[in-house]
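**Q**
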């Protein structure tokens, strides 16, 4: 597998973790206010992997054009671990994240975008 493919897969996995983390945030009805997703931070300089020999880079490399990819483990610990457990096995507050329900292809992209934008309630347990 090429370095570029590995980089793409890592980026997709990180984005999936962020989407789940945002979707698992506090339920807005408990706080009496609407759920609003905060925008992702941007970075001043994009960290882009070098393309393989003979392959043109198709990722913008100018300053400020790429989103910062957060550390998925840190995001999970901050927003998800309290309910879903530090080992992903669940707690009395939330289900295990090891279920097929949480695989990236279980919900479509639109469902993830709606969950991020509007929040979501537990619906699989």
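Numbering (the numbering used here), first residue to last: 301 to 425.
All residues carry an ideal CB built from backbone N, CA and C; glycine is no exception.
For clarity, every value in this text was computed on a predicted model and none was experimentally measured.
Would residue 322 be called buried (16 or more neighbouring beta carbons within 10 Å of its own) or exposed?
**A** Residue 322 should be labelled buried.
**Q** Might you give, ordered along the chain, the residues of its own chain that have their beta carbon closer than 7 angstroms to the beta carbon of residue 394, omitting 5 neighbours on each side?
**A** 383, 384, listed in sequence order.
**Q** Let me confirm a value: residue 379 is counted as buried when at least 16 other C-beta atoms fall within 10 Å, else exposed. Which label applies?
**A** Burial call: buried.
**Q** Go to residue 372, then tell me how far its alpha helix (DSSP H) extends in each direction, as first and last residue.
**A** 372 to 379 is the extent of the alpha helix (DSSP H) around residue 372.
**Q** Going by beta-carbon coordinates alone, are residue 314 and residue 372 separated by less than 8 angstroms?
**A** Going by C-beta atoms, residue 314 is nearer than 8 angstroms to residue 372.
**Q** Should residue 319 and residue 410 be called a contact, given that it needs their Cβ atoms to be closer than 8 angstroms?
**A** It is not a contact, given that the beta carbons lie outside the stated cut-off.
**Q** Pull up the distance between the alpha-carbon of residue 343 and that of residue 310, whole angstroms please.
**A** Interpretation of residue 343 is limited by its pLDDT of 47, a score under 50 that renders its predicted location unreliable; no figure is taken from the coordinates.
**Q** Counting only the same chain and skipping the five closest in sequence on each side, list residues whose C-beta sits under 6 angstroms from that of residue 398.
**A** Same-chain partners within the cutoff: 388.
**Q** Please classify residue 381 as buried or exposed, where buried requires at least 16 neighbouring CB atoms within 10 angstroms.
**A** So residue 381 ends up on the buried side.
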